[in-house]
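Peer 1: Okay, so the sequence shown: first residue is 1 according to the working numbering, each after it adds one.
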Amino acid sequence: MARFNFERLRSAVEWSVRQLAEPRKNRVDALRQYVGSHYAKNGADKRVPVNMLELAVTIYVRHLAARAPRVVVSTGVDSLRPFAKNMELALNQIPREIGLESTLRRAVVEALFAVGVVKVGIASNGVSVLGHDVGEPFADLVSLDDYFADMAAKSRETIQFEGNDYWLDLESARELGDGASLEPDQHVVHGDQGEPRAEGVSADTGADLYQDKVWLRDVWLPGTQEVVTYSVKGGKVLRVVPWDGPECGPYHVLSFSDVPGNLLPLAPVSLWRDMHELGNTLYRKLARQAEGKKRVAAFGGGNDESVEALKKAADGEGIKYGGAKPEMIDLGGIDAPTLAFFLQNRDLFNYFAGNLDALGGLAPMSDTASQDRLMADAAGARMSRMKADTITFARGIFESLAWYEWTDPVRKRVVRKPVQGTDMVLEREWSEETREGDFLDYGLEIDPYSMEDDTPAIRLQKIGQALERFVFPLLPVMAAQGVQIDFRKLFELIARFGNVDEVRELVQFSEPIPGLPEGGSSGMPSFKPTQTKRTYERVNRPGATRSGKDDVMSRVLMGGGVQGSEAMAMGRPTS
């Protein structure tokens, strides 16, 4: 404790927390728009009929963190290659054990709203911290409400401290170093500067707790490689321990757009929010206009008895009416320029969000599938950069988890290693006794494709594309070399991935016909003509795109002229 000035550290931390008050408030306001007005008591103040934020966030999360990553371990030392494979099999057991898939997905959501932070460590000191058993590695999400860093720094490389707040039950907190005299704190759903927190969207201020808790704060000091823990409200230092972990520290940060000279990144949601709110303001106005539209009958003459008789008459009923024929008058209705402006705002949101229609497959963007594919590839350029950032983030987390696994003298794992070319699977122990070499002798890489969405339907589609593009065109050459397709296995995959068990009943396999040569030739006479003639006919069927229909609608509403073909496109589907 004598190596640092706690009061100066505490003052510096509180100053940085105060600088984060406005970013935290903006994040909570954006979350209220994200959940809308029907989520909880403290959701959006007004209705959110066109939730553009939820749509964009869902599409991006699906692309960036659909599944837990798979690590690939390699080494440049030939004698260590068998051990690298064992290490790879052992490390790929971790995501399922600690729920890393859910943590990464939530971290991506946080990064879209502000910044994604994951704290990686190992539970120690004889206390179960935040639900982790002693000696168990963990990777926990830290929201911006709890995270802080040295806001006087211009980059993460120059920060003097960073850390996070958390609530720990009183009994466990008293086991931490000098925490025997700790008293419980009143649980609140706002920060120590009074700023709102995300949980305040669905919870009232204060809470009735089952167990007493204490508000604690961990501060990591990169300069001295120490971790300081103290109580936030009491200001009592509980422990100062040397950092016995990876050099990068316990905190891993995911951000997508750096701001020069600033520590905080520029979150995508902060760019989308203005157009989201403007679009909903316009749509609510259009809804009020539509609700206020009415059609009434205006009577130009006649006595009161005739008017009342007309109002009460049923359809097809005859009445005696004297006076001028009533005139139908339309009142109110949607304002055409306002609707055109809303459509333009929606297209601008789609544009600035990276072409959501292409990324999410919401609607065709052009007249042909080839053009749609080119536009999707172009829209994927921005997504590719964000994927690279996410993969780098996941790699850092895996490297820290691997370090803890490597240095753990107690934990033992059993890995199942398939023998190539056979159905045999060998079981091997991975522990401190069986590990060879040094940790730095191995390199960890994240398989980018392992994080993409890979449902059975998508896997079946990939199999079909592989067969169509690579296998079927080479069948004659493959047959000449004795290579055959295992159709029994192929139809099993079709039935399993396509969830169509009837395929197994429709396709029956029997013993091969004797006398048929291998390679697919039956030796039977061919009924195909010696010369064939093919005719390629291209048929253009008129279609429509959502953007094209919106453009025609805008011109009609603004009183502009449209061509006949454009008017006909309004009635065509966009699919």
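We put the CB at the ideal spot given by N, CA and C, even for glycine.
Taking the straight line between their C-alpha atoms, what separation do you get for Ile94 and Asp218?
Peer 2: 25 Å
Peer 1: Is the beta carbon of Ala457 closer than 8 Å to that of Phe497?
Peer 2: yes
Peer 1: Could you spell out the range, first to last residue, of the alpha helix (DSSP H) harbouring Asp304?
Peer 2: Judged by DSSP secondary structure, Asp304 falls within the alpha helix (DSSP H) whose first and last residues are 304-312.
Peer 1: First and last residue of the beta strand (DSSP E) that includes Leu168?
Peer 2: 162-169
Peer 1: Can you have a look at Pro260 and say buried or exposed, based on whether 16 or more other CB atoms are within 10 angstroms of its CB?
Peer 2: exposed
Peer 1: For Asn280, count neighbouring Cβ atoms within 10 angstroms of its own Cβ and tell me buried if that reaches 16, exposed if not.
Peer 2: buried
Peer 1: Can you grab the Cα-Cα spacing for the pair Leu20 / Val142, in whole Å?
Peer 2: 15 Å
Peer 1: Per DSSP, what are the beta-bridge partners of Val117 in this structure?
Peer 2: Val142, Val253
Peer 1: When you compare the CB of Asp133 with every CB in chain B, is at least one pair closer than 8 Å?
Peer 2: In the displayed structure, chain B is absent; only one protein chain is listed.
Peer 1: Kindly list the residues whose CB is nearer than 8 Å to the CB of His190, restricted to its own chain and excluding five residues on each side of it in sequence; keep chain order.
Peer 2: Pro196, Arg197, Gly200, Thr205
Peer 1: Taking only three categories from DSSP, how would you classify Pro473?
Peer 2: helix
Peer 1: Put Ala90 into one of helix, strand or coil per three-state DSSP.
Peer 2: helix
Peer 1: Count Cβ pairs between the segment 111-121 and the segment 264-278 that sit closer than 8 Å; are there 3 or more?
Peer 2: They touch, by the three-pair rule.
Peer 1: Within the continuous beta strand (DSSP E) that includes Thr75, where are the two ends?
Peer 2: From DSSP, the beta strand (DSSP E) with Thr75 extends over 70-75.
Peer 1: If we ignore side chains and look at the alpha-carbon of each, how far apart do Gly520 and Ser74 end up?
Peer 2: Low local confidence applies: a pLDDT of 46 at Gly520 is under 50, so the model's placement there is unreliable, and no value is given.
Peer 1: For the beta strand (DSSP E) that Phe299 lies in, which residues bound it at each end?
Peer 2: Neither: Phe299 is in no beta strand (DSSP E) and is coded neither H nor E.
Peer 1: Among Asn51, Asn26, Val28, Thr229, whose alpha-carbon lies nearest the alpha-carbon of His38?
Peer 2: Asn51
Peer 1: Compute the Euclidean distance between the alpha carbons of Ala466 and Gly135, then round it to the nearest angstrom.
Peer 2: The alpha-carbon atoms of Ala466 and Gly135 are separated by roughly 45 Å.
Peer 1: Quick one: grab the DSSP three-state call for Ile329.
Peer 2: strand
Peer 1: At what residue ranges does the segment 392-441 contain a whole run of the beta strand (DSSP E), taking only runs of 3 or more?
Peer 2: 413-418, 425-430
Peer 1: Classify Val483 as buried or exposed, calling it buried when 16 or more other Cβ atoms lie within 10 Å of its own Cβ.
Peer 2: Classification for Val483: exposed.
Peer 1: Going by DSSP, name the residue or residues bridged to Arg646.
Peer 2: As shown, the chain starts at 1 and ends at 575. That puts residue 646 outside it, with no answer to give.
Peer 1: Going along the chain, which residues of its own chain have a beta-carbon closer than 7 Å to the beta-carbon of Ala56, five neighbours each way excluded?
Peer 2: Trp272, Ala353, Leu356
Peer 1: If you follow the beta strand (DSSP E) that Tyr39 is part of, which residue opens it and which one closes it?
Peer 2: Here Tyr39 belongs to no beta strand (DSSP E), and DSSP marks it neither H nor E.
Peer 1: Report yes if the CB atom of Ser400 is closer than 8 Å to the CB atom of Cys248, and no otherwise.
Peer 2: Yes.
Peer 1: Can you tell me whether Ala388 is helix, strand or coil according to DSSP?
Peer 2: Helix, per DSSP.
Peer 1: Do the CB positions of Ser214 and Leu182 come within less than 8 Å of each other?
Peer 2: Note on residue identity: the sequence assigns Val, not Ser, to residue 214. Cβ atoms of Val214 and Leu182: closer than 8 Å.
Peer 1: Comparing alpha-carbon positions, which option in Leu348, Phe491, Arg10 lies nearest Glu277?
Peer 2: Leu348
Peer 1: Looking only at its chain, what residues have a beta carbon closer than 7 Å to the beta carbon of Lys233, apart from the 5 residues adjacent to it on each side?
Peer 2: Asp185, Trp215
Peer 1: Let me confirm a value: Lys27 is counted as buried when at least 16 other C-beta atoms fall within 10 Å, else exposed. Which label applies?
Peer 2: Inspection of the sequence shows that residue 27 is occupied by Arg rather than by Lys. Burial call: buried.
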